[in-house]
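Novice:
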Amino acid sequence: MPAVPSTARVAAASLDQTVGDWVGNTDRIRAAILAARAAGARLLVLPEMCVPGYSLGDRLLMDGTIERSRAAVDALLADTAGIVVVVGLPVRHREVLYNAVAVLADGVVHGVVP
Numbered sequence: 001m002p003a004v005p006s007t008a009r010v011a012a013a014s015l016d017q018t019v020g021d022w023v024g025n026t027d028r029i030r031a032a033i034l035a036a037r038a039a040g041a042r043l044l045v046l047p048e049m050c051v052p053g054y055s056l057g058d059r060l061l062m063d064g065t066i067e068r069s070r071a072a073v074d075a076l077l078a079d080t081a082g083i084v085v086v087v088g089l090p091v092r093h094r095e096v097l098y099n100a101v102a103v104l105a106d107g108v109v110h111g112v113v114p
């Protein structure tokens, strides 16, 4: 088993996200991931609702918001090699909407926490 490092570099990014700008928001998240990894970060923490943009308000109830948020997260998975990324997005569980975070690393969604 490899030795566990005694320290780890952690990064946080404040992004200029736009509500409903799925492509632009995803591109800015991707750029933050690449910059954090290039700086040697092992963990990147991103803002609440950074995937769809904040504040969603009534858009959260519109068809497709949850699905498009998940599709954006899926599109980011390939960029998570060697770094843990925490992103904010809306999720629905048992017909209840949650302001949640997804934990991504090495191409996998490791968990979603409301």
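Quick note on our numbering: the sequence shown kicks off at 1 and runs consecutively. The beta-carbon is built from N, C-alpha and C at its ideal position, and this holds for glycine as well. Quick caveat: nothing in here was measured; it's all calculated off a predicted structure.
Touch check for the stretch 36–43 and the stretch 64–75: three-plus C-beta pairs under 8 Å?
Specialist: No, they do not touch.
Novice: When DSSP labels each residue in this structure, what does L76 get in the three-state scheme?
Specialist: Helix, per DSSP.
Novice: Could you give the first and the last residue of the continuous alpha helix (DSSP H) run that contains G24?
Specialist: Residues W22 to A38.
Novice: Where N99 and S55 are concerned, what is the direct C-alpha to C-alpha distance, given to the nearest angstrom?
Specialist: One C-alpha to the other measures close to 11 Å.
Novice: Which residues in the same chain have their Cβ closer than 8 Å to the Cβ of V112, if we skip the five residues on either side of it in sequence?
Specialist: So the list reads V91, A100, V101, A102 and V103, once near-sequence residues are dropped.
Novice: Enumerated in chain order, which unbroken segments of the beta strand (DSSP E) with a length of 3 residues or greater are wholly contained in the stretch 80–109?
Specialist: List check, beta strand (DSSP E) in window: 84–93 and 96–105.
Novice: What does DSSP give as the partner residues of L46 in its beta bridges?
Specialist: Beta-bridge pairing links L46 to no other residue.
Novice: Are the beta-carbon atoms of G82 and G53 separated by less than 8 Å?
Specialist: Not in contact: G82 and G53 (Cβ atoms no closer than 8 Å).
Novice: Starting from the C-beta of D106, find all residues in its chain whose C-beta is less than 8 Å away, skip the five residues before and the five after it, and write them out in chain order.
Specialist: T80, A81 and G82, listed in sequence order.
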